[in-house]
Amino acid sequence: AVKSKNKRGGSKKQVFESYMTSEEVSHGLKRGELIQVQSNSCQALCDDTWDIFLDGIVARNRALNGDIVVVQVLPREQWKVNLLTTQKKAEHTPSYDVDDQCKPISKHQNTTLTDTGTVVYIVEKKHSRAVTGFLKFLPDKRFAMFSPVDHRVPRINVPLDDCPENFSSRHGDYNTTLFICRITDWAGDSYFAEGRLAKTLGQAGEIEPETEGILTEYGIDFSEFSDQVLDCLPKNLPWTIPPEEMRKRRDLRNECIFTVDPATARDLDDALSCKQLPDGNFEVGVHIADVSYFVEQDNILDAVASQRATSVYLVQKVIPMLPRLLCEELCSLNPLTDRLTFSVIWKITPEGKILSEWFGRSVIRSCVKLAYDHAQSMIEAPDKMFAAEELPPVDPVHPIDEIHQAVLNLHSIAKNLRAQRFSGGALRLDQSKLSFMLDKETMMPQGCYVYQYRDSNKLVEEFMLLANIATAHHIYRRFPELALLRRHPPPKAKMVDELQELCDQLGINIDFSSAGALQKSLNNTLGDDEYSSARKEVLTHMCSRPMQMALYFCTGVLKEEQVFKHYALNVPLYTHFTSPIRRYADIIVHRLLASSLNCGPHLGLSTEEVEKQASHCNNKKTVSKRVQELSTELFFGVFVKECGPLDSEAMVMGVLDQSFDVLVLRYGVQKRIYCKSVGGLDSFQHRKVGKKSELTLVWTPEEQEKLPVEQIISVFTLVEVQLKADSVPMKYSAVLKRPDNSRL
Numbered sequence: 001a002v003k004s005k006n007k008r009g010g011s012k013k014q015v016f017e018s019y020m021t022s023e024e025v026s027h028g029l030k031r032g033e034l035i036q037v038q039s040n041s042c043q044a045l046c047d048d049t050w051d052i053f054l055d056g057i058v059a060r061n062r063a064l065n066g067d068i069v070v071v072q073v074l075p076r077e078q079w080k081v082n083l084l085t086t087q088k089k090a091e092h093t094p095s096y097d098v099d100d101q102c103k104p105i106s107k108h109q110n111t112t113l114t115d116t117g118t119v120v121y122i123v124e125k126k127h128s129r130a131v132t133g134f135l136k137f138l139p140d141k142r143f144a145m146f147s148p149v150d151h152r153v154p155r156i157n158v159p160l161d162d163c164p165e166n167f168s169s170r171h172g173d174y175n176t177t178l179f180i181c182r183i184t185d186w187a188g189d190s191y192f193a194e195g196r197l198a199k200t201l202g203q204a205g206e207i208e209p210e211t212e213g214i215l216t217e218y219g220i221d222f223s224e225f226s227d228q229v230l231d232c233l234p235k236n237l238p239w240t241i242p243p244e245e246m247r248k249r250r251d252l253r254n255e256c257i258f259t260v261d262p263a264t265a266r267d268l269d270d271a272l273s274c275k276q277l278p279d280g281n282f283e284v285g286v287h288i289a290d291v292s293y294f295v296e297q298d299n300i301l302d303a304v305a306s307q308r309a310t311s312v313y314l315v316q317k318v319i320p321m322l323p324r325l326l327c328e329e330l331c332s333l334n335p336l337t338d339r340l341t342f343s344v345i346w347k348i349t350p351e352g353k354i355l356s357e358w359f360g361r362s363v364i365r366s367c368v369k370l371a372y373d374h375a376q377s378m379i380e381a382p383d384k385m386f387a388a389e390e391l392p393p394v395d396p397v398h399p400i401d402e403i404h405q406a407v408l409n410l411h412s413i414a415k416n417l418r419a420q421r422f423s424g425g426a427l428r429l430d431q432s433k434l435s436f437m438l439d440k441e442t443m444m445p446q447g448c449y450v451y452q453y454r455d456s457n458k459l460v461e462e463f464m465l466l467a468n469i470a471t472a473h474h475i476y477r478r479f480p481e482l483a484l485l486r487r488h489p490p491p492k493a494k495m496v497d498e499l500q501e502l503c504d505q506l507g508i509n510i511d512f513s514s515a516g517a518l519q520k521s522l523n524n525t526l527g528d529d530e531y532s533s534a535r536k537e538v539l540t541h542m543c544s545r546p547m548q549m550a551l552y553f554c555t556g557v558l559k560e561e562q563v564f565k566h567y568a569l570n571v572p573l574y575t576h577f578t579s580p581i582r583r584y585a586d587i588i589v590h591r592l593l594a595s596s597l598n599c600g601p602h603l604g605l606s607t608e609e610v611e612k613q614a615s616h617c618n619n620k621k622t623v624s625k626r627v628q629e630l631s632t633e634l635f636f637g638v639f640v641k642e643c644g645p646l647d648s649e650a651m652v653m654g655v656l657d658q659s660f661d662v663l664v665l666r667y668g669v670q671k672r673i674y675c676k677s678v679g680g681l682d683s684f685q686h687r688k689v690g691k692k693s694e695l696t697l698v699w700t701p702e703e704q705e706k707l708p709v710e711q712i713i714s715v716f717t718l719v720e721v722q723l724k725a726d727s728v729p730m731k732y733s734a735v736l737k738r739p740d741n742s743r744l
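Heads up: the sequence shown begins at 1 in UniProt numbering, then just goes up one per residue.
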């Protein structure tokens, strides 16, 4: 082992390989001996090509989750079997202390080897190096041990001077106190990093300290907007549209235009209109908040918005991209108020064929703020005369019947548009989304339910997709080198092949040849019993694993138009135009659109600048999604603690050699069950034939004279579980219940 001098003059064994120099890395990348990838715990994700398995903490060489790293692939005889490749949980990456996912090669093992490598250089530390965790007192040491909640992060030595004043004498008082620590160094001769305490959050298990920890750890800026930023906003309130601005725009204030959003939404980005024409066709409009009017390019407000890049939606609150005066007032398309918008208006047949298209800046006055529930009620009761008290306040200029008919016409057209999209080869992989009912005062979860995606949601989605596709074509025609679009690469071929083999073994007829073929396969229900929808959801999760993330990009960087394509939507060009209050990418698209219509300032952007911002938006979107998931997990953990234990049926999603993953049907959550922790289990045995993995659980008989009970665990097996709070705050486990005879 390489040795290095320690502070006391002795020598310590080198734990990690020294990093290559930038020159060595540059030469290695050019020669194809090294690969630049994004680290993802025990895997390095190599763009569209392959996954490289990083076998343990030493191979990860001090890189943390999300870092851009350079990897050296080991010789094939050193490759390992990564059981996570085809069976990993959808949301979670493995921690350092999970031992049943990464195995050395066995001569007799019938499974796939994974490219195995080691990190030799960190290009960019994407991980914030800020982590939440707990302090542990170490006698006779000048430092304390910080144990991160995230087991993918090493333990950290923290100077005692950073700890609370009485920590040394009363360290037991801090056993459940949550702190934030920032890693400052991680030497090559230690498994432990060095760090400094940044903040005391509060008691572990309380929602606000835990939430602040998540936001800090993932680098979310949740600070108040500075006075300099707020100075960029209009001063004279209540604000009115200047007359000279009105003259530049199409006046749509007398049209029947309305919003449809979640009941609690305050940032209303989009509105819809639908007017029947004398020839039987329709004039349909999508009207989007004109945020770029208020966010001027290159001022400090623009700089902060571009850095935040997206609003972050937590269960109990929103971390906005823009100041609330813009999000909830001046830009939000609130009812009975004049608002600036960007509109796309089509003449469209009842069947959904577009006859003409108009883009432009406009002014609207929304006549009502409908919730999805209101629109759904209108769709489900087409002949009903709705009373005023059944709806939010409505502009008296537009009778309720007029709004109702517009919703029905939009629904009819949307159904045709949707049918055409899916017959044309689109794919939608629906997965359960957990929603909560919160106490208005304490914001604690009182209940939870799986969110229902209904016709009113589909109506809005279809017209937003139509507007985004139309905008993509428009800005690409005008700015072929500068357009900011959104592409979705096809799924990873290696993972698709493995999943196809597994499905074949399970007797499931799945066609992965295209997005449309996969959608048709999923539409063929797996049986016609009460569990067919559960089997479809499990299969949908399995099909999601090879899928890649959709990405923003600048068209001047990728020269081949073929790679512009959006795989799931099966369209050649796509962008984001419809949510500029909460996505910065949409603001750039609005500026491109305004410039193309000669109704906005000169852009002054280069291809490199657009691509850099696109990349930043990609990173922030990924982080935002993960934080949203963690917020949901946090609240569900509280719900289990307050209302549990909770019993539910569950369906097996994937099987490893010592554990298996289940979809808890009542709540739509996924949990891993470890065989070694199942009470009442005598033994278990794993076997694998081809890609099909199976566990045999042997239960200890409840009565001495009876024989042991065997339970087979494979994909789609139904089991009974109980969700119980753990001793660790906010965490819960799924406990496998002893099967009754009907489950065997």
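Cβ coordinates follow ideal geometry from the N, Cα and C atoms, glycine included.
On a predicted model such as this, the values are computed, not experimentally measured, just so you know.
Using CA atoms only, rank isn't needed, just tell me which of Val120, Arg170 and Ile588 is closest to Ala614. Numbered from 1 along the sequence shown, position 614 holds the residue referred to as residue 614. Looking at the Cα atoms, Ile588 is the closest of the given residues.
Could you name each continuous alpha helix (DSSP H) segment of 4 residues or more that falls completely within the stretch 562-603, going from the start of the chain to the end? 584-596
Under DSSP, the alpha helix (DSSP H) around Asn409 begins and ends at which residues? Walking along the sequence shown from the start, residue 409 turns up at place 409. Ile400 to Ser423 is the extent of the alpha helix (DSSP H) around Asn409.
Apart from the five residues on each side of it in sequence, which residues of its chain come closer than 8 Å, Cβ to Cβ, to Ser168? On the sequence shown, position 168 is the one that residue 168 refers to. Answer for Ser168: Phe137 and Leu160, listed in chain order.
Start and end of the beta strand (DSSP E) containing Ile673? Taking the sequence shown and counting its residues from 1, the one referred to as residue 673 is at position 673. Residues Val669 to Tyr674.
Mark Val15 as exposed unless 16 or more other C-beta atoms lie within 10 angstroms of its C-beta, in which case mark it buried. In the sequence shown, the residue the question calls residue 15 occupies position 15. Under this definition Val15 is a buried residue.
Taking the beta carbon of Gln203 as the centre, do at least 16 other beta carbons fall within 10 Å, making it buried, or is it exposed? Counted from its first residue, the sequence shown places residue 203 at position 203. Under this definition Gln203 is an exposed residue.
Just the C-alpha distance for Leu665 and Asp338, rounded to the nearest angstrom, thanks. The sequence position of residue 665 within the sequence shown is 665, counting from 1. The sequence position of residue 338 within the sequence shown is 338, counting from 1. Rounded to the nearest angstrom, the two C-alpha atoms are 46 Å apart.
Distance, Cα to Cα, Cys327 vs Asn334? As a position in the sequence shown, residue 327 is number 327, starting the count at 1. As a position in the sequence shown, residue 334 is number 334, starting the count at 1. Spanning the two alpha carbons is a distance of roughly 11 Å.
Once you ignore the five residues that flank Val599 on each side, which residues in its own chain have a CB closer than 6 Å to its CB? Position 599 of the sequence shown holds residue 599. Inspection of the sequence shows that residue 599 is occupied by Cys rather than by Val. Hits under 6 Å: Arg361.
Okay, do the stretch 679-694 and the stretch 606-626 touch, 3+ Cβ pairs below 8 Å being the bar? no
Backbone CA spacing between His541 and Lys492 [nearest angstrom]: For the purposes of this step, residue 541 is taken as residue 541 along the sequence shown, with counting starting at 1. For the purposes of this step, residue 492 is taken as residue 492 along the sequence shown, with counting starting at 1. Near 15 Å, if we compare the C-alpha coordinates of Lys492 and His541.
Using CA coordinates, which residue listed in Phe635, Gln228, Val71 and Met464 is at the minimum distance from Met730? Here the question's residue 730 lines up with position 730 in the sequence shown. Taking only the C-alpha atoms, the option nearest Met730 is Phe635.
Assign Tyr96 to one of three DSSP states: helix, strand, or coil. On the sequence shown, residue 96 is found 96 positions in, with the first residue counted as 1. Low per-residue confidence applies at Tyr96: pLDDT is 26, beneath 50, and the placement is therefore not dependable, though the value from the model is reported in the following sentence. Tyr96: coil per DSSP, three-state reduction.
What is the DSSP secondary structure of Lys731, reduced to helix, strand or coil? In the sequence shown, the residue the question calls residue 731 occupies position 731. Three-state result, Lys731: coil.
Outcome for Gly690 when other beta-carbon atoms lying within 10 angstroms are tallied against a minimum of 16: On the sequence shown, position 690 is the one that residue 690 refers to. When all chains shown are included, Gly690 counts as exposed.
May I ask you to verify whether the stretch 317-332 touches the stretch 271-282, counting CB pairs closer than 8 Å and requiring at least 3? no
According to DSSP, Gln226 sits in a beta bridge with which residue or residues? Stepping through the sequence shown from its first residue, residue 226 is reached at position 226. According to the sequence displayed, residue 226 carries Ser and not Gln. For Ser226, which the question treats as bridged, DSSP gives no partner whatsoever.
Please name the residue, chosen from Cys274, Asp261 and Val284, that lies closest to Ser332 on a Cα-to-Cα basis. Indexing the sequence shown from 1 puts residue 332 at position 332. Closest option to Ser332, Cα to Cα, is Asp261.
Taking its Cβ as the centre, do 16 or more other Cβ atoms sit within 10 Å of Trp358, making it buried, or is it exposed? Counted from its first residue, the sequence shown places residue 358 at position 358. Exposed, since its Cβ has fewer than 16 Cβ neighbours within 10 Å.
Give, in chain order, every unbroken run of the alpha helix (DSSP H) that is at least 4 residues long and sits entirely within the stretch 643-711. none
Run through DSSP, which three-state label would Met437 get? Within the sequence shown, the letter at position 437 stands for residue 437. Strand at Met437.
Cross-strand partners of Asp185 (DSSP beta bridge): What you label residue 185 is simply residue 185 of the sequence shown in a count that begins at 1. In the DSSP output, where bridge partners are listed per residue, Asp185 has Glu194.
List the endpoints of the continuous beta strand (DSSP E) containing His287. Your numbering for residue 287 matches position 287 in the sequence shown. Taken as a continuous stretch (DSSP letters only), the beta strand (DSSP E) holding His287 covers Phe282 to Ala289.
One question on the structure: do Tyr584 and Thr341 come within less than 8 Å of each other, judged by their Cβ atoms? Position 584 of the sequence shown, counted from the first residue, corresponds to residue 584. Position 341 of the sequence shown, counted from the first residue, corresponds to residue 341. Contact flag unset, no.
Counting only runs that start and end within the stretch 307-357, where is the beta strand (DSSP E) found for 3 or more residues in a row? 338-348
Any 3 or more C-beta pairs closer than 8 Å across the stretch 363-376 and the stretch 261-273: yes
Between Ala387 and Val394, how many whole angstroms is the CB-CB distance? I'm expecting something under 8 Å. Counting from 1 along the sequence shown, the entry for residue 387 is found at position 387. Counting from 1 along the sequence shown, the entry for residue 394 is found at position 394. About 11 Å; that fails the 8 Å criterion.
Quick check on the burial criterion: 16 or more other C-beta atoms within 10 angstroms. Buried or exposed for Lys13? Taking the first residue of the sequence shown as 1, we reach residue 13 at position 13. Exposed.
Measure the Cβ-Cβ separation of Trp186 and Pro139 and say whether it is below 8 Å. Position 186 of the sequence shown, counted from the first residue, corresponds to residue 186. Position 139 of the sequence shown, counted from the first residue, corresponds to residue 139. Not a contact, by the Cβ cut-off of 8 Å.
Please work out which residues of its chain come closer than 6 Å, Cβ to Cβ, to Val709, disregarding the five sequence neighbours upstream and downstream, and give them in chain order. The residue you call residue 709 lines up with position 709 of the sequence shown. Cβ neighbours of Val709 beyond the five flanking positions: Trp699.
Spatial neighbours of Ser432 in its chain, beta-carbon cut-off 7 Å, leaving aside the 5 residues before and after: Here residue 432 refers to the residue found at position 432 when the sequence shown is read from its first residue. So the list reads Val450, Glu537 and Gly668, once near-sequence residues are dropped.
Using a 10 Å radius around the Cβ and a threshold of 16 neighbouring Cβ atoms, would you call Gln704 buried or exposed? Translated into the one-based positions of the sequence shown, residue 704 becomes position 704. Exposed is the call here.
With 16 as the cutoff for other CB atoms within 10 Å, does Thr442 come out buried or exposed? Numbered from its first residue, the sequence shown carries residue 442 at position 442. Exposed is the call here.
Quick one: using the 10 Å Cβ neighbour count with 16 as the cut-off for buried, is Asn157 buried or exposed? By 1-based counting over the sequence shown, the position of residue 157 is 157. When all chains shown are included, Asn157 counts as buried.
Any contact between the stretch 373-382 and the stretch 503-516? By contact I mean 3 or more CB pairs, one from each, below 8 Å. no
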